[in-house]
């Protein structure tokens, strides 16, 4: 029935103030109100409907995305939304589009790498969308190894122009979003060649399409790279292929903040420190961590609500069956993901602070914390996106068979999310960077150079190498100091063990290559410590609202004890805990599941997601799942007619034993 | 360039006889020749082309599947293929279709549950496809809990008919493949009610559609349940919804092998032992394990070949970059999956033997091994399908960004595979069944009842509870006895630990529910032991062919040592190994990766898959990846025109600042 809340009983069980938790989740009252207002605005506007998206053929899907993008921009203008509000609106429209790259990569690239003059020329055009830009870096043959890009930009002093060229097939730009069918311009990354010398990779603003008829300009071959994983999902984006045949651009379209080429073709480094550019990377990765908590929380919200709706087995005397959320196996898979959503949210919030801190230091020419901040954001990007991708798929499985239907929303959420494990740094490559930083940190211990920020625990290395957990009963695992020390000891010992084994190699690089898998494990241990300790730090703040802090303590306990159990081998192997203590941790974990259980639905309600944003019948706020699933089925195109298209040609001849003469 | 083998150098490196390995993989020379011949026949027939499948809108996809099914049947008839050959042909056509259910579930259900008379009536019709059948068990509200199904079949002695009815919304049949748009008949599972009494679930043959115009019969509401995960994939299947409004069928359409209803409405159990029905479950799950090795090997074949083609980083002096397959991080993710493909193949082969053994015993009224065989197949179904689903996604990630393109074949392979984790028993529910069996086995130790089959190691429980690994150097981990004992000790100790903790509960069922997550871990440990020991047993056979056995030893070592590392916590926690021994195991694992490396390509060549079957540009036999990716991109419908459909309506007004008046 419409208007009935089938989860009302669940909501009554909550032992905390949900409204206060909503503010904690949003980060502040301001952010709560902002996203509450904008998400409802989007949800209530039929112009942004997602209905039937996963059923659309590619061309129709793409066309509808173009419409939504234009409509969104129109609303932004009509409602005079601020930049912050506009960004939130685009998030809740919830459909990958060329605008993501225009606002998220093209404009920031010009801001970060363009001179003041270039910014003055290009930014107003871009900000009014009088041109549409994308970010053309990745090539068919090169992704992770940016220094290996093959596109060339050769300076021709005769005409004061750069000649942009794709010398090989593998130099074709490949993947950039918004490139295939929409962008009129791109920041193209190419090898800067002047005076016969290769100065490495630089960015160039290149026009690709006519601003009149939108046709590709002479020398430009551009198109879409084809279907990607999933229904709907990233197929609304025109990830593109691009080749240049000696395309000429004026010299002043080289992005010249960090280096210039003079009229005479002389390459000049500017006095802007190159480190400044790393600031952008920290920024982008911090937003990716924030997105991880968003995606994880959406999946968890769907799976949690449906787990309360779904009943299976355990009926006694003809009564109702057991809600699947009451099964410990379900809790053991679901609740750690719920805890992860909160954990990632808080570490993401902290990363925002870190970015501000780094920026301020950079402006004061203090580069001392940059390597640590860089390693930390790289590692957290890797950790949170991998866990989120796996977590979404786990949530899908937790919904049983029905999770496999597009109407559950989970297939699309998974397909649209997984690229995050690859873009902006492949997750394994990133952990190797973290490991490299950790090995350097270990090697400098005792030289007087103090480890900073998230590696400062390494300063207590002697203690951490020999301490033992003093936990004697399960509940002691709830002491923040017990849990943080366990993670510190594990991370420190794994790093030191790697460093020791590395030191046995004559050639450090060879050693690093040989031990790469172990190094990745050490890096992951370090990153998990960061997430755990930022969660613990959050709990040391003043947290208002009845019961809110208690719930977060339960979540923090679940997050850290679940991971401790999962990586028991590390904790036992490094000798910090005994198997008895590991078993106590597991007992405590189970106890926490029981504590969380009555609050589960309210903890996902605290995300404050509209049904529009969730896009899932299984995750409906009102829990009215089955009638809506049934209703939705009939909308499939296959149900347009009782008898399927193709019956007469291909099924009837078979049933009537007339295949011999059938045209197949 | 066409006709060039870009992987020729890799193939030259092989240290074993690939042709002999192909026979090992296929199971026998007969099976090799059979699948070689049929797979090429399919690959070379344009009627079976998979080109563009992932781009088709649902209706077109479905229509093309109907065509292929009819064409396949036509070819089977024309070529006078045997049943065995026809099954292999359908496998290589590689597209889920109603025929899977007709041949794989409908016909077996009649064979297994129908009387001789019923078989005589229905099988010839089905085997000529004069009717098309499916298997309608799962309902909207009930999947795992078959006993909870709600559809009713009420006997009416007045007319000698059963009245089939869907009393609630949740009783709607939901999911059965082939049901939505094609099947004319179904075996419907419903609660048998006669004389006012509910006798539980039984199967009934029910006609759903007219054999003339294919329209649903009166009282039958039937349709498709809508889009599912992925492009192409299972969307070629008409998983259906079905409701009955008091539909009448003759009494003799109840499947009466195990029980009958007489004309007078009396319910009678036949003397056929109900255990016989379990034989079918063992059969079906054995085929699922075989399918797991197929799916895993396809994904691994793609990822391995592409890892040899792809180069990134590590170029020195302008030379070529490093093949990504040479990175230890890549090997550490890829090679264990390659080893798993072989491991699952061999355990699947053994399960075939087990099924034959069980069948022979059943025919001799020997039910003694049935519970063990049932637990074993349930556990292996769960273990192999979960590992394969995760493995395919890992292979996709191992292909970097390009793995996200449908043309890589991996998105479709993943989407089409994952339901295996849910159908024929949810994987977690199955492991709980295994755990239940293990707990029973442990409780009976010392009662004189000897554990049989795969649990026979439990007979040495006293030794296994106190023994310690005697491994002193890395290579000793290659001794079969060392590895098998490690897995036995771990599995035994985890089971015993669970049993001990269970015994502390007053109510065993409550204890079982509370400790469910630990019980699942114990069950998984037991199942991993089975896979490891069957691999080890395989190696004790006579294996012909130069170097073949050596390669399999490497794979067996990788499979077992990788899992040992992954589950280190269990091995350390139960005290069987020391952390030094764990570290030696890891050293040995790395050494095995280096041994495997030169043989990697040939080990996936041994699967003998055609490019048609693989359906992947990244996995092409000739390694000619980039030109073919580039070529394929242009086939996307978005590239039909230079300027995208929708540009004039939705992009131009935006660029020209004319949104105010645009119709959006």
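Residue numbers (the numbering used here), protein chains in the order written: chain D, 1 to 664; chain V, 665 to 1328.
Glycine is no exception: its CB is placed at the ideal position from the N, C-alpha and C atoms.
- Contact residues of the stretch 1066-1080 of chain V toward chain D are 1068, 1069, 1070, 1071, 1075 (C-beta to C-beta distance below 7 Å).
- The DSSP-derived three-state label of residue 812 (chain V) is helix.
- Taking a Cβ-Cβ threshold of 8 Å, the residues of chain V close to residue 175 (chain D) are 1065, in chain order.
- Residues of the stretch 775-806 of chain V with a Cβ closer than 8 Å to any Cβ of chain D, in chain order: 792, 793, 794, 795, 796, 802, 804, 805, 806.
- Chain-ordered, the chain V residues with CB closer than 8 Å to the CB of residue 73 (chain D) read 1318, 1323.
- According to the DSSP assignment, residue 923 (chain V) belongs to the beta strand (DSSP E) that extends over 923-925.
- If you compare the alpha carbons of V:738, V:1144, V:1202 with that of residue 659 (chain D), the shortest gap goes to V:738.
- From the beta-carbon of residue 549 (chain D), no residue of chain V is found nearer than 9 Å; the closest lies around 27 Å away.
- Taking 8 Å as the threshold, the shortest C-beta distance from residue 225 (chain D) to chain V falls below it.
- Closer than 9 Å at the C-beta level to chain D, one finds no residue of the stretch 908-920 of chain V.
- DSSP, read as helix, strand or coil, puts residue 202 (chain D) in strand.
- In the structure shown, the three-state DSSP call for residue 821 (chain V) is coil.
- Burial of residue 118 (chain D) is indicated by the presence of at least 16 other C-beta atoms within 10 angstroms of its C-beta.
- With contact defined as three or more Cβ pairs closer than 8 Å, the stretch 1018-1033 of chain V and the stretch 938-948 of chain V are in contact.
- Here the C-alpha atom of residue 1061 (chain V) lies approximately 14 Å from the C-alpha atom of residue 416 (chain D).
- Here residue 1028 (chain V) is exposed. Its C-beta has fewer than 16 other C-beta atoms within 10 Å.
- Nearest CB-CB separation between residue 650 (chain D) and chain V: below the 8 Å threshold.
- For residue 730 (chain V), the C-beta contacts it makes with chain D under 8 Å involve 644, 646, 647, 649, 650, 651, in order along the chain.
- Close to residue 1092 (chain V), with beta-carbon spacing below 7 Å, are these residues of chain D in chain order: 329.
- Boundaries around residue 133 (chain D) are those of the beta strand (DSSP E), 133-136, since no alpha helix (DSSP H) includes it.
- In the three-state DSSP reduction, residue 276 (chain D) falls in the helix class (H, G or I).
- Contact annotation: the stretch 997-1011 of chain V touches the stretch 1053-1070 of chain V, with at least three C-beta pairs closer than 8 Å.
- Using a Cβ distance threshold of 8 Å, residue 1222 (chain V) and residue 1003 (chain V) count as a contacting pair.
- With respect to chain D, the C-beta atom of residue 1288 (chain V) has no partner C-beta closer than 8 Å.
- By a beta-carbon distance limit of 8 Å, residue 328 (chain D) contacts residue 1178 (chain V). Their separation comes to about 6 Å.
- Here the alpha carbon of residue 1131 (chain V) sits roughly 29 Å from the alpha carbon of residue 1033 (chain V).
- The Cβ atoms of residue 966 (chain V) and residue 699 (chain V) lie no closer than 8 Å to each other.
- With 16 or more other Cβ atoms inside 10 Å of its own Cβ, residue 1045 (chain V) counts as buried.
- For the stretch 406-482 of chain D, the continuous alpha helix (DSSP H) assignments of 4+ residues that do not extend past its boundaries occur at 410-417, 427-444, 461-466, in sequence order.
- Judged by their CB atoms, residue 240 (chain D) and residue 180 (chain D) are nearer to each other than the 8 Å cut-off.
- Interface annotation, residue 1232 (chain V): in contact with chain D, CB-CB separation under 8 Å.
- Counting only residues of its own chain and dropping the five nearest sequence neighbours on each side, residue 587 (chain D) has a CB closer than 8 Å to the CB of 474.
- Assigned with DSSP and collapsed to three states, residue 242 (chain D) falls in strand.
- Residue environment: residue 832 (chain V) is assigned as exposed (fewer than 16 neighbouring CB atoms within 10 Å of its CB, all protein chains considered).
- From the beta-carbon of residue 1262 (chain V), no residue of chain D is found nearer than 9 Å; the closest lies around 17 Å away.
- Nearest CB-CB separation between residue 719 (chain V) and chain D: below the 8 Å threshold.
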